[in-house]
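In the numbering used here, the protein residues as written are 2 to 191.
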Amino acid sequence: MAGKATVGILAMQGAFIEHEQAIKSCGAKSLQVRRAQDLREIDALIIPGGESTTMGKLLEQFNLLEEIKFQAEQGMPMWGTCAGMILMAKEIENSDQIRLGLMNIEVKRNAYGRQVESFETALEVKDIGITRAVFIRAPYVQKVWGDAQVLASYEDKIVMVRENHLLATAFHPELTTKKEIPEYFLQMIK
Ligand code: GLN
């Protein structure tokens with residue numbers, strides 16, 4: 002199925018082109034999602050990095066917020082990177098910004114401080130092994146509960162979580178040549 006799956010990439014704002022290229026290079030089809038009806042054409046959804054406050058407002062404005070929540074409740078696999086992870090979190094430290102609120106995680110935005118706003122590192126991921134991880138003004142996860150499982154930590158901070166059909170990474174796998182994480186996500190599509 003994974004090879005024939007159509008993966009929607011939320012294309013309101015942020016790094017959606019890079020995700021599209023990564024998905025295509027794994028042999029799956031992709032579709033840029035801008036309207037609620039686009040959700041009917043897809044088997045899974047990626048919420049890219051960008052600016053989570055802007056993306057949240059656009060989701061509401063384009064009537065996608067409730068539609069995406071509904072599809073997540075129906076079991077559609079979803080993967081959020083960076084700002085996408087923030088939008089998927091139920092709790093965001095010191096923020097009442099608009100969110101999808103799908104996962105049992107609490108995130109802290111821009112958590113790595115100014116001087117190291119962006120960096121690249123090797124990262125060990127459960128069930129995957131060592132991958133490369135690019136962090137750009139990244140959040141980290143301060144708390145997980147319920148079915149949320151930690152898949153990777155960097156310097157004692159949680160940076161990758163899976164909760165059943167939902168996946169969140171604080172970093173940007175789509176910006177490296179490594180394809181393990183896009184492939185892992187494609188495996189989540191039944
Ligand atoms: N700092 C951004 C936010 O809070 C996320 C950065 C990113 O997605 N690269 O939305």
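Quick reminder that beta carbons are idealized off the backbone N, C-alpha and C, glycines included.
Excluding the five sequence neighbours on either side, which residues of its own chain have a C-beta within less than 7 Å of the C-beta of residue i, listed in chain order?
{"i": "V135", "result": "E121, F172, H173, L176 and T177"}
{"i": "L187", "result": "A3, A6, C27 and A29"}
{"i": "V151", "result": "V145, I159 and V162"}
{"i": "G81", "result": "I48, L88, M89 and A169"}
{"i": "Y185", "result": "I129"}
{"i": "S154", "result": "V160"}
{"i": "F17", "result": "I10, L11, Q33 and P49"}
{"i": "Q14", "result": "G51, E52, T55, M56 and L59"}
Cβ of residue i within 7 Å of Cβ of residue j?
{"i": "G9", "j": "I48", "result": "no"}
{"i": "A84", "j": "S53", "result": "yes"}
{"i": "R100", "j": "G50", "result": "no"}
{"i": "A1", "j": "L66", "result": "Here the chain comprises residues numbered 2 to 191, so residue 1 is not present and cannot be evaluated."}
{"i": "L167", "j": "L124", "result": "no"}
{"i": "K193", "j": "E94", "result": "In the structure as shown, the chain begins at 2 and stops at 191. Residue 193 is therefore absent and cannot be evaluated."}
{"i": "Y1", "j": "A169", "result": "Residue 1 lies beyond the stretch modelled for the chain, which goes from 2 to 191, so this question has no answer here."}
By DSSP's criteria, residue i is part of a beta bridge. Which residues make up the other side?
{"i": "L167", "result": "M79 and E164"}
{"i": "S154", "result": "I159"}
{"i": "S31", "result": "V8"}
{"i": "F136", "result": "F120"}
{"i": "K144", "result": "E107"}
{"i": "I47", "result": "I10 and W80"}
{"i": "G130", "result": "V126"}
{"i": "A90", "result": "M104"}
Please return the same chain residues whose Cβ sits closer than 8 Å to the Cβ of residue i, not counting the five positions on each side in sequence.
{"i": "S31", "result": "T7, V8, G9, I10, H20, E21, I24 and K25"}
{"i": "A149", "result": "M104, N105, I106, V162, R163 and E164"}
{"i": "V34", "result": "G9, I10, L11, A12, L40, I43, L46 and L65"}
Beta-carbon within less than 6 Å of residue i's beta-carbon, same chain only, minus the 5 sequence neighbours each way: which residues are those?
{"i": "L40", "result": "E68 and Q72"}
{"i": "W146", "result": "N105"}
{"i": "Q98", "result": "T54 and G57"}
{"i": "E181", "result": "I129 and T132"}
{"i": "M79", "result": "L46, A73 and L167"}
{"i": "L60", "result": "L66"}
{"i": "K179", "result": "T132 and R133"}
{"i": "G76", "result": "H166"}
Handout entry: the region 69-89 / the region 123-130 touching (three or more Cβ pairs under 8 Å)
Key = no
Exercise for the section: Could you tell me whether the region 154-173 touches the region 135-146, where touching means 3 or more Cβ pairs closer than 8 Å? Expected result: yes
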